[in-house]
Amino acid sequence: MSDEILKIEHVSKKYRLGMIGGTSLREELQRKRAARKGLEDPTRKVTDTSSGKIGEEFLALRDINLTIHQGERVGIIGHNGAGKSTLLKLISRITAPSSGSISMNGRVASMLEVGTGFHRELTGRENIYMNGAILGMTKAEISSKIEDIIEFSECRKFIDTPVKRYSSGMYVKLAFAVAAHLDAEIMIMDEVLAVGDVAFQRKCLTKMSQLAIDEGRTVLYVSHNMATVRQLCTRCVVLDHGKLVFDGDVEQAINSYYDASPDATNHHESKYNVSGFEGEKCRVLSVDVENHSGMEFFSGECIPFKVRIGCSSKVGDVLPQFICRSGMANLTGSSFADSRFVLSRGINALQGSVSLKHFSPGIYNCDLVLYQVNHDGAYVELDRLKDALTFTIAQSPANYDGNNWWQRRWGFADYGAFHLEFLPSD
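Sequential numbering from 557 applies to the sequence shown in my numbering.
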């Protein structure tokens, strides 16, 4: 078709494991000598439980066929290691496919990790010009847009400060602002919104939607946050062990992703004994609503619930999140707990409640997701229990105002609606 902007045909990507990684010339020579003789890597650590064979082939992507049209907003989802980032690197021409071909019409703006393409010693302003030049923009073009970029990034106060002094959130804001305002036909983003605050995430999602609708930009978006995928994307593809297993409607794609995940069932099988949990690192065992026979509520009520989580070892910086959907809107919103938890080995109990004061009428399905916050401030998903809470609001809240855009779009305005507290393990 004439509006095809990206076409991927029979693309595969193959890696040879362990071929690079020595810390000195001597180690590399030892590794190559062992590889020629089919021996184990002599530099391998004692704690490494892998086979140790050098040169084993690994297929990161397997015969991918995908056609994307101008103006589409395509989500790419899948478990860790499914091949999402590899596919984006191939499209960005950071690396070449082992077989197959990728053709595209237009320039690409890539944000594959926080601060990609930034020079730490340069200021924010200098990095804007450098990134624009890399993307093929002239100095005059960049200068005409630099004020809009700085304003959108919310980093004006620090724009002439070297970016090595920026926080990870400031990196994201500036990187996104540059990519969003430069004249690239294809925008590629890999988990870049995981570090930004909620307000900036909304701002970015709104901007990307405007670029796609008003300017015909094409957006490729990789994320484990299904809430943002639902809000931004008009189409979604699912990767599983390097294969494309679904391409189509966003909700169907997310359901396909959940169904393929062993951790995404409605009821987990509990495996534990008195010595502790036997299973995954951290797993939601149950979510129970207390002292309520039905699941129909009225405005102003609270839903008390209890969460049981099994851990095979001590896990710190755990952040539970409820992601809600409603039949009256594709996405009602998400709400983080007030604090992070340290979960001990064995069975842990969390007790919480959800206030229905600001919810609009309708049926709500809420997934419970356990995140661990890493040292970069990004959220790593540990486990997900789909439809952990399902309830109906039978009466309009007294404070509900249909004229407020956030209530029309998100269903409720109070992002502190969910409250959790830690209880001793039982």
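Each residue gets a CB set at the ideal place from its N, CA and C atoms; glycine is no exception.
Chain-order list of residues whose beta-carbon lies under 6 angstroms from that of residue i (same chain, five-residue window excluded)
i, result
"residue 685", "698"
"residue 726", "711"
"residue 654", "568, 569, 570"
"residue 794", "633, 634, 801, 802, 809, 812, 813"
"residue 562", "624, 660"
"residue 886", "With a pLDDT of 42 at residue 886, under the threshold of 50, the predicted position of this residue should be treated as unreliable, and no value is reported."
"residue 871", "838, 899"
"residue 720", "676"
"residue 830", "Its pLDDT being 31, under 50, residue 830 is placed unreliably by the model, and the measurement read from it follows with that caveat. None."
"residue 759", "none"
"residue 780", "937"
"residue 620", "564, 567, 800"
Contact under 9 angstroms by Cβ, residue i with residue j
i, j, result
"residue 921", "residue 945", "yes"
"residue 736", "residue 767", "yes"
"residue 705", "residue 740", "no"
"residue 564", "residue 622", "yes"
"residue 874", "residue 898", "yes"
"residue 865", "residue 947", "no"
"residue 680", "residue 715", "yes"
"residue 791", "residue 805", "yes"
"residue 662", "residue 742", "yes"
"residue 627", "residue 567", "no"
"residue 687", "residue 644", "no"
"residue 639", "residue 798", "yes"
"residue 668", "residue 650", "yes"
"residue 765", "residue 881", "no"
"residue 775", "residue 747", "no"
"residue 867", "residue 896", "no"
"residue 857", "residue 788", "no"
"residue 613", "residue 587", "no"
Beta-bridge partners of residue i, as assigned by DSSP
i, result
"residue 707", "None, per the DSSP bridge assignment."
"residue 872", "None, per the DSSP bridge assignment."
"residue 845", "861"
"residue 939", "926"
"residue 679", "718"
"residue 572", "613"
"residue 778", "632, 746"
"residue 789", "According to DSSP, residue 789 bridges with nothing at all."
"residue 597", "Paired residues: none, contrary to the question."
"residue 560", "625"
"residue 794", "633, 802"
"residue 897", "874"
"residue 812", "For residue 812, which the question treats as bridged, DSSP gives no partner whatsoever."
"residue 945", "922"
"residue 565", "657"
Short CB-CB distance (under 9 angstroms) between residue i and chain B
i, result
"residue 718", "Structure shown: chain B not included; a single protein chain is present."
Neighbourhood of residue i by C-beta, 8 angstroms cutoff - its chain only, sequence neighbours within 5 removed
i, result
"residue 861", "843, 844, 845, 846, 907, 908, 909, 910, 945"
"residue 560", "623, 624, 625, 626, 661"
"residue 927", "874, 875, 876, 877, 935, 936, 937, 938"
"residue 796", "634, 635, 638, 816"
"residue 590", "596, 597, 598, 610"
Neighbourhood of residue i by C-beta, 7 angstroms cutoff - its chain only, sequence neighbours within 5 removed
i, result
"residue 617", "567, 568, 569, 639, 642, 643, 798"
"residue 709", "729, 730, 733"
"residue 673", "687, 690"
"residue 717", "679, 680"
"residue 762", "none"
"residue 658", "564, 567, 646, 647"
"residue 929", "873, 875, 896, 935"
Exercise for the section: Ignoring anything shorter than 3 residues or poking outside the segment 615-688, list the beta strand (DSSP E) runs there in chain order. Expected result: Here the runs fully enclosed are 629-633, 655-660, 664-667.
Exercise for the section: Evaluate the contact criterion for the segment 804-813 versus the segment 628-641: three or more CB pairs, one atom per stretch, below 8 angstroms. Expected result: yes
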